[in-house]
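Protein chains in written order, with my numbering: chain A, 10 to 199; chain B, 10 to 199; chain C, 10 to 199; chain D, 10 to 199.
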DNA sequence: TATGAATGAGCATTCATTCAT
DNA sequence: AATGAATGAATGCTCATTCAT
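Spelled out as structure tokens, the structure:
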């Protein structure tokens, strides 16, 4: 069995450490030790720590979104899928012990000049927003305008559920969020 | 005119720096330089950087809450005050250029052992939740049970509005949140 | 049109970088990037960074001397050619913004063991000295002994004019040197 | 007997290493090891490696000039003192095995942004030029204008003698320079 | 001949904290 | 109460060179 590439090992190690311990709490030395890689080898593949984080975030985005998609796959309508996404939050956040969102976490205490990271975070959140909007657009009972507005409202609730459950180390904000979401989707269809 | 105390100057400097640049981005040396205080003098008043942050957060809590109270003072009913709190978010966050919530920001990239800081953040959020609940309890049209549940839902929306506006560097999540809040307060009173 | 060889491209890139930015300031990575050459390919043609520098210096020597020859070609006598060489210094050093002599520059901050480079620098300076002496030997009014001695004196002035104009970022040392040189050539012929 | 201060030990160690091995060849780690000082202690006294070098150069300037003054003290006239300064070069450069001028050496392979160092080098050379000019001004047989011009010519010769003896690892350029200097001072007084 | 991948040793600098006075 | 001096450990990053293919 072949040892995986330097690049892969670095990303794997960094992804784990960045998410578990935070971006600022994770040093290059930790990453290379965990990845069993020479420092200069690592810097041949990544220009900077920020670059590693950018790759980590992009990868995290795809993994997270596809896990979400998979989780709600059994639901039939867009509304049901959206509501189920709160159950996804619950499963996920309980599983990681309420560490919270890797994207939110990395952006809140970041040196000013880390533009790549900020862009990745925005990218992820915009994709998630789009995911919600698309589900609503497929629902015949909802107009395009309503879909746009509703999706932003739900997005806010999702984000709030994540950050507040992280602070409280408890799932209740997720269930409160879910209830709000149901309310939004119900009253809007009147 | 007497120079303010070492302790006060440290807190003032640290408060500014922690909020503007972030906890991890702010070094002890920056703080003592800004505060015009000797390093050892500082450590006579605070055991550690975390201790300074704890005091900063407690003080920030009181300032923030009282500014909120003041902002919504002109409103008569609890519901109106709660809805107006989103306007407060808007005024505040636009003013600070969407730096976000000092409590959310400090908790997301923190060494594991910083318990004092985590406790201050929880304290603040619990106080804010209580503030909302109390306003609802004063409304005769809302039952105690409803007040409890509604307040958690609104709290989630508030938190989401803050973090998402910070990521987007835009006020739209605040207005989406306000809309959701109005919806919640309206449908609940049916 | 064929791409020039690896060797040539490396030398060209290194020559530019060594002279413009300095030997220590120029990294192997810069060279191979500028030369569009793989690192290992480069090391197939040159044993070390020092070896590249040795080739650069030898090539620089020929280019510099032939430009000097060309510059003074219109002058008839050896004395006139030597005096004109200060005008050459001026034209050259103004053109390169007083970067100074590539040979002087490389030798002053060098690891102890870089013998090849030291030898190249000595070679160049000896050739220049010889060039001056030969011009004087062709002058009938000057004895062989005088030519030998005069050439060393003029050489010292030339070197001083270069290094001092580099420090001062100004041409005045070149003109002072020229004046001294004229003086030497005049008084000696008495 | 008290151990000398951190600052003094750092300067002493750095001065030795910078001059003997070169600025680029000398690392911070070497300096602190030689000085027996903790790294952070060193950085409490000096903002950067460049700052250490600036102090080293300033101190070197005073030491070098005062040794020169002392060396030529026995001479009576300004002209004699200036001529004797070439003997000083000889004594000095033979003693240090033709390492050359610490000011010339540091400036020829320096990162672009090291302004402080460049300024110290210019300062030293300007002071030396002034020293020569002042000696000539005290000589009644020389006009102020001549003193100004002669001093620049002699300065060029001095610099050339230093750099060329360094390259050749031999004293002959110093004696050639001395001869030129005598010539300049003699012919000028005609 | 050519090259992508890898490396150990080193770089200058900053960290939060403690000590001696 | 106040402070200048000192520190070990860690920071992110670059160096010239070599290896396997």
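Glycine is no exception: its CB is placed at the ideal position from the N, C-alpha and C atoms. Quantities reported herein were computed from a predicted structural model and do not represent experimental measurements.
- Chain D has a Cβ within less than 8 Å of the Cβ of residue 170 of chain C.
- CA-CA distance, residue 98 of chain A to residue 69 of chain A, rounds to 15 Å.
- Taking C-alpha positions only, residue 71 of chain C is separated from residue 40 of chain D by approximately 40 Å.
- A contact is defined here as three or more CB-CB pairs under 8 Å, and the region 156 to 172 of chain B meets this definition with respect to the region 137 to 147 of chain B.
- Below the 7 Å Cβ cutoff, chain C contributes 189, 192 as neighbours of residue 193 of chain D, in chain order.
- Within the region 143 to 167 of chain B, contact with chain A at the beta-carbon level (separation under 8 Å) is assigned to 158, 161, 162, 164, 165, 166, 167.
- By the Cβ neighbour-count rule, residue 18 of chain A is buried, with 16 or more other Cβ atoms within 10 Å of its own.
- Leaving aside the five residues that flank residue 178 of chain B on each side, the residues in its chain whose CB is nearer than 6 Å to its CB run, in chain order, 107.
- Between residue 64 of chain B and chain A, the shortest Cβ-Cβ separation is not below 8 Å.
- When A/119, A/188, A/182 are compared, the shortest CA-CA separation from residue 35 of chain A is found for A/119.
- Excluding five sequence positions before and after residue 175 of chain D, the CB atoms of its chain that fall closer than 6 Å to its own CB belong to 107, 109, given in chain order.
- The Cβ atoms of residue 188 of chain B and residue 100 of chain A lie no closer than 8 Å to each other.
- DSSP places residue 143 of chain C in the helix class (H, G or I) of the three-state scheme.
- In the pairwise beta carbon analysis, the region 44 to 54 of chain D is classified as not touching the region 72 to 83 of chain D: fewer than three pairs are separated by under 8 Å.
- Chain order gives the chain C residues near residue 185 of chain D as 158, 161, 162, 164, 165, where near means a beta carbon separation below 8 Å.
- By the Cβ criterion, the region 12 to 32 of chain D is in contact with the region 114 to 134 of chain D, since at least three pairs of Cβ atoms, one from each stretch, lie closer than 8 Å.
- At a cut-off of 8 Å between beta-carbon atoms, residue 97 of chain C makes no contact with chain D.
- At a Cβ-Cβ threshold of 8 Å, residue 126 of chain C and residue 23 of chain C do not count as neighbours.
- Residue D/91 holds the alpha-carbon nearest to the alpha-carbon of residue 156 of chain D among D/91, D/53, D/59, D/58.
- The C-beta of residue 28 of chain D comes no closer than 8 Å to any C-beta of chain C.
- Secondary structure of residue 132 of chain B (DSSP, three-state): helix.
- Assignment of residue 190 of chain B by DSSP, reduced to helix, strand and coil, places it in the helix class.
- In this structure, the beta-carbon distance from residue 129 of chain C to residue 67 of chain C falls below 8 Å.
- Within 9 Å of the CB of residue 77 of chain C, no CB atom of chain D is found; the nearest one sits about 17 Å away.
- Each of C/86, C/26, C/137 was checked against the Cα of residue 77 of chain C, and the nearest Cα belongs to C/137.
- In the three-state scheme derived from DSSP, where H, G and I count as helix and E and B as strand, residue 71 of chain D is classed as helix.
- With a 10 Å radius around the Cβ and a threshold of 16 neighbouring Cβ atoms, residue 94 of chain C comes out buried.
- If you look at residue 54 of chain D, you'll find it in the alpha helix (DSSP H) that goes 48 to 54.
- In the structure shown, the three-state DSSP call for residue 184 of chain A is helix.
- In the DSSP assignment, residue 32 of chain B falls outside any alpha helix (DSSP H) and carries neither an H nor an E.
- In the displayed model, residue 82 of chain B falls within coil according to three-state DSSP, outside both helix and strand.
- Using beta-carbon distances, residue 117 of chain B counts as an interface residue toward chain A, with a partner under 8 Å.
- When 7 Å is used as the limit between beta carbons, residue 25 of chain B is near no residue of chain A, the shortest such separation being about 15 Å.
- For residue 181 of chain B, the residues of chain A that pass the 8 Å Cβ criterion are 161, in the order they occur in the chain.
- The beta carbon of residue 72 of chain D does not come within 8 Å of any beta carbon belonging to chain C, so the residue lies off that interface.
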